[in-house]
Every structure is written in C-alpha cells, then in structure tokens.
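Colleague:
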Amino acid sequence: MIADMVVSIFLLIFSLVLLNQTRQYNYLSAVFPQFVLVFLMILTVILLVRAIVLFKKRRKSESKFIATKDLFYVLLVAALSFLWVYVMDWILGFLLGSILFGIVRFAILAGKSLKASHFLLFSFSYVAIVFIFWYALGKLLHVPLPRGLFF
Amino acid sequence: MAKVITKIPLSLLAPTVIFLTVVGSYCVSNSIFDVYTMLILGLLGFVLRKLGFEAGPITLGLILGPIIESGLVQGLLIGRKLPQPWLIFITRPICWVFIVLSVFFLLWPVILKKRIVVSGGDQK
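These protein sequences, in sequence, are chains A and B.
Numbering follows this note's numbering, with no gaps: position 151 of the first sequence is 155.
Numbering follows this note's numbering, with no gaps: position 40 of the second sequence is 98.
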C-alpha cells in the first residue's frame with residue numbers, strides 16, 4: 005500500500021512534467037502522448053485513492069518486499085551483468101567476456117551444492133552456445149560484436 | 059517437455075537467459091547503450107513485479123502503443139473534413155461496434171464476478 009502510494013505520486017509528477025513538455029509539439033504530434041498521459045493521471049489518482057483507503061484498513065503483519073538472501077543474489081547478478089557489459093565492451097570482448105561471466109554467474113547461483121561434473125558439463129555447454137552465437141553473428145552475419153583488447 | 063523445462067535449475071537457466079537477452083538487445087542496433095538500457099529496465103521491471111505491477115500490460119503497451127498512435131493520427135487526419143476531427147471516431151457504425159465491444163470486454167470481469175457471487179461461487 006505504501007509502495008502504491010509512492011508509485012502513484014511518482015507517476016502523477018512524471019505525467020504532469022511530460023504533459024507540460026508536450027505543449028512544445030504541434031497538435032498531431034502531441035495528441036497521442038497527451039491522451040495517454042491524461043489517462044495515466046486518471047488511473048494514478050484512482051490508485052492513490054485506493055492505496056489511501058487500503059492503508060487505513062491495513063493489518064500490521066505485511067509480507068516483506070523480498071527475502072534478504074534473494075535480494076543479495078539479485079543484486080549480485082545485476083552487478084555482475086553490468087560489469088560484464090562494461091568489461092566486454094572495453095577489455096575482454098564478446099567471446100571471452102561472455103564465457104567468463106557466464107561461468108562465474110553459474111558458480112555463484114549454484115552455491116555450495118555445485119559438483120565438479122555439473123560445473124564441467126555446464127561450462128562446456130555454455131562455451132558451445134556462446135561460440136555458436138559468436139560465429140553466427142560475428143562471422144556469418146557480420147554483426148560488429150564488441151572486440152575488447154583481444155578479438 | 060514442459061515438465062522438463064520447469065525442472066531446469068535457476069543456476070543453469072539464469073546465465074543462459076541473461077546471455078540471450080544481452081545478445082538480443084545488442085543486435086537490434088549494434089549498440090552497447092541498448093544493452094545498458096535493457097539491464098536498467100530489467101531491474102525496474104523486477105522492482106515493479108515485486109511491488110505487484112504485472113509485466114503483461116506494460117509489454118502490451120510497448121507493443122501496441124506505436125500501432126495505436128499511428129492509427130489515431132491517421133484517423134484525425136482523415137477527420138479534418140469534419141467540424142471536429144475527433145468525431146471521426148464516433149460517426150461510423152464500425153466505430154460503434156468496436157466501442158460497444160470494448161466496453162463489454164472492459165466490464166466483463168465485473169459481470170462475471172457478480173454472476174459468481176449470485177450463484178454462490180460455483181461457476182468458473
């Protein structure tokens with residue numbers, strides 16, 4: 005309910021700012037954004053009113069947003085993904101970066117239950133998948149993949 | 059087949075899916091910026107999902123939005139001959155058919171809920 009209130013206030017401000025921006029456009033360019041934004045504002049006001057009404061009737065035992073352990077893994081995987089894209093673009097290139105970070109992500113997510121045979125099986129399969137994409141996109145379709153420092 | 063797919067562990071599925079999403083977003087216009095955008099929007103989608111906002115309507119909006127916009131502008135251009143361009147959307151019988159159908163499908167969940175309440179919750 006508090007989340008609904010925060011989201012609705014944010015959306016209300018967001019739509020007001022964008023509605024103000026659409027005044028610079030001509031009629032035909034602005035008509036659809038204005039229509040959508042006005043509709044969004046109406047729905048946001050309904051959401052806000054509903055959130056306020058439900059907030060008054062709330063119970064104290066509300067569920068948590070997400071378990072701390074899960075949140076840790078989500079943030080870790082997200083951070084690794086951002087790092088992977090950065091490193092892929094500047095240092096390692098598409099092939100090496102994808103293989104390295106894919107295997108690291110697998111090892112982190114598998115945790116303590118990881119067996120050596122599973123690790124090897126996944127690594128070989130993942131390397132094969134990445135290699136197929138690298139060859140198909142980079143060599144056959146001539147898509148300019150990130151090269152990094154190597155290839 | 060579906061049973062096998064649902065039993066694939068997350069640790070195997072997640073790296074492969076992340077790889078495919080990165081490749082897919084990069085290949086749209088060969089730009090790393092698109093990949094960063096995808097990652098940020100993915101995180102935003104995750105937060106919204108946890109807050110109770112469904113991804114389905116957002117995806118539908120992203121796909122149907124440009125189609126609706128071009129249809130609306132085309133309609134308004136055709137309706138320039140009328141006193142008000144907006145009248146083009148209510149002056150033809152086919153428009154009313156679609157308006158009535160839209161209202162019906164908008165109200166259908168409410169009607170269904172009422173019917174279930176009246177019949178004591180037996181209907182599905």
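In this text, a Cβ means the ideal position worked out from N, Cα and C, and glycines have one as well.
#1: What are the start and end residues of the alpha helix (DSSP H) that includes G97/A?
#2: Going along the chain, which unbroken runs of the alpha helix (DSSP H) with 4 or more residues stay wholly within the stretch 120 to 182 of chain B?
#3: At a CB-CB cut-off below 8 Å, which residues of chain A make contact with T149/B?
#4: I want to know whether the stretch 129 to 140 of chain A touches the stretch 105 to 113 of chain B - three or more CB-CB distances under 8 Å.
#5: Which one of T79/B, V161/B, S160/B and G137/B has the shortest CA to CA distance from R150/B?
#6: Helix or strand or just coil, what does DSSP make of P150/A?
#7: For A7/A, return the contacting residues in chain B, with the cut-off set at a CB-CB distance below 7 Å.
#8: Could you tell me the alpha carbon to alpha carbon distance between E127/B and F39/A, rounded to whole angstroms?
#9: Taking a cut of 8 Å between CB atoms, which residues from the stretch 65 to 82 of chain B lie near chain A?
#10: Whether or not the stretch 63 to 79 of chain B and the stretch 103 to 121 of chain A are in contact is what I'm after, with contact meaning three or more pairs of Cβ atoms, one per stretch, closer than 8 Å; do they touch?
#11: For Y94/B, which of helix, strand or coil comes out of DSSP?
#12: How would you list, in chain order, the residues of chain C whose beta-carbon sits under 8 Å from the beta-carbon of V131/B?
#13: Taking C-beta to C-beta, are G152/A and L87/A nearer than 8 Å?
#14: List in chain order: all unbroken beta strand (DSSP E) runs of 3+ residues lying wholly within the stretch 8 to 53 of chain A.
#15: So the alpha helix (DSSP H) W88/A belongs to, where does it begin and stop?
#16: Is there a C-beta anywhere in chain A that falls below 8 Å from the one on F162/B?
#17: Could you check whether the Cβ of V131/A sits closer than 8 Å to any Cβ belonging to chain B?
#18: Residues of chain B with CB closer than 7 Å to the CB of S102/A, please, in chain order.
#19: Taking buried to mean at least 16 other C-beta atoms within 10 Å of its own C-beta, is P150/A buried or exposed?
#20: Measuring straight from C-alpha to C-alpha, what distance separates L120/B and A113/B?
#21: So with CB distances below 7 Å, who are the chain B contacts of L113/A?
Modeller: With the given structure in hand:
#1: G97 to A114
#2: 151 to 176
#3: Those within 8 Å of T149/B in chain A number zero; the least Cβ separation is about 18 Å.
#4: no
#5: G137/B
#6: coil
#7: L109
#8: 10 Å
#9: P67, L68, S69, L70, A72, P73, T74, I76, F77, V80 and V81
#10: yes
#11: helix
#12: In the structure shown, chain C cannot be found, because the protein chains are A and B.
#13: no
#14: none
#15: T72 to V91
#16: no
#17: no
#18: F77
#19: buried
#20: 11 Å
#21: L68, S69 and A72
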